[in-house]
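Numbering-wise (our numbering), the sequence shown opens with residue 6 and increments by one.
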Amino acid sequence: MTLVSGTRALWSLRFGLSLLPIGRTPSPRLPGGFSTGGAPTPSGGGKEAAKRKPENVTLLENLSLLGVDLTKARQRQPGVLRKRLTNEQGVARFLRDKGADAAVVAGVISRYPRAITRSVRHLEQRWALWRGVLASDAEVVGVVDRSPESFFRSSDNDNLERNLAFLSSLGLEGDALRRLLRTAPRTFSNSAQLNRQMVELLEDVGAELGLSPAPGSRETPTQFAVAVLRRNTYVLIRSTRRVRRNVETLRAELGLEDGPLLALLRGPCAEILDLSGDALERNLGSLRGKLSSLGCGEGEAERLVIAFPRVLYLGARNLNGKLDLLLRGGVTVRQVVEKPKVLDFSLKNLEARLAELQAVDYDFQRAGIAVLDLSQKRFDARMKRLRPPQEEGGRTLNLEGECLSK
């Protein structure tokens, strides 16, 4: 063990030397790969700057050599740049050994500078736990690159193990657990108690809407909670207060009985439970106002939300822009209410599709608007059938230029 430690120390020193400009003495190395900074330098003028601990000039040089964006790092966690004890070389080497390239290493530290305060031993333990869920080191690198905070924020690996055990106990195992770690990795740096509180809240909602935990029940409150989490993994990184408020808003505004509301919450409405309460209420109000201005009767907005809850992600400007564009293109508001998924497409996408359909004199009143809701591949195939054959030199050609008639 002593031999291994000594070898690592020599390698750490050699690695540090390779990253320093010629002629500069490397900063002293401590056990675990940490380095101590050289002479500090002030990071700005003014009385407040003078009172603060100055930035570590050696650390700044090392980070620059790693390609770290120091401006971004200062904006994110300025205190890290004033630390005397850091592990930037060890963290960089650790990530490279796992398959991260130089750009990923620089990006991770730029966006979450606190990463360089972690020991390699801690990171190896944490990586092993993540690797037990994800399929490969490359997949772990991808998640860390996208959300470095989720991997480096907590130094409590025991908490991570408790989270994994708790979520697995709910039935979120295998692909379900993998999807959760890929899409909402911050869940696993939450305290296990916070995640438990969210599950308990969802269980309470299920019980309030008539579910029973008794053996033999068709659906238990816990099964309801798991159904919501499978549908929207982001719920676990929101506050219980936010989710409770959204449930109460939907319950009050949609006017549904317990059974239908339960089905909606475990289904498509689960996707909007992570919205801020203010945004949900504001967007619902905008939807009601817009539909009313277009002549829709009372209850039409609620009908649209029940059919397509994701409409509540649309702010007033986005919603109005899409509805106005569709109406100018020959679609009626009644058709939108009946097939609201068309509102899930971007304004640019809708504009392009409407232009193509208008070019072939597509009649929405006769043929309906289902064509606007097709995948891009199916839409392109439909347009090929709708476009008239082209004529060239007395011959009729199809879109591929093949002769159809003379």
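In this text, a Cβ means the ideal position worked out from N, Cα and C, and glycines have one as well. Because the structure is a prediction, the values reported are computed rather than measured.
Burial check for residue 76: the Cβ neighbour count within 10 Å stays below 16, so the residue is exposed. Put simply, the region 143–151 touches the region 100–109. At least three CB pairs are less than 8 Å apart.
In this structure the region 302–312 does not lie against the region 325–333, because fewer than three pairs of beta carbons, one per stretch, are closer than 8 Å.
Contact between the region 205–221 and the region 243–262 is present, with at least three C-beta pairs closer than 8 Å. A straight-line Cα-Cα distance of about 16 Å links residue 119 and residue 131. With a minimum length of 3 residues, there is no unbroken run of beta strand (DSSP E) contained wholly in the region 308–379.
8 Å or more divides the Cβ of residue 318 from the Cβ of residue 269. Look at residue 61 here: in three-state DSSP terms it is strand. Taking the C-beta atoms as reference points, residue 316 is found no nearer than 8 Å to residue 273. With fewer than 16 other CB atoms across the displayed protein chains lying within 10 angstroms of its CB, residue 375 is exposed. In the structure shown, residue 91 adopts extended strand secondary structure according to DSSP, grouped into three states.
Excluding five sequence positions before and after residue 363, the CB atoms of its chain that fall closer than 8 Å to its own CB belong to 334, 335, given in chain order.
Fewer than three beta-carbon pairs drawn from the region 228–236 and the region 249–264 are found closer than 8 Å, and the two stretches are therefore not classed as touching.
Close CB contacts of residue 324 within its chain, under the 7 Å cut and outside five residues either way in sequence, are with 291, 292, 295 (chain order).
For residue 272, no alpha helix (DSSP H) run applies, since DSSP gives it neither H nor E.
Counting along the chain, the unbroken alpha helix (DSSP H) around residue 144 starts and ends at 142–151.
For residue 360, the number of other beta carbons within 10 angstroms of its own is below 16, and it is reported as exposed.
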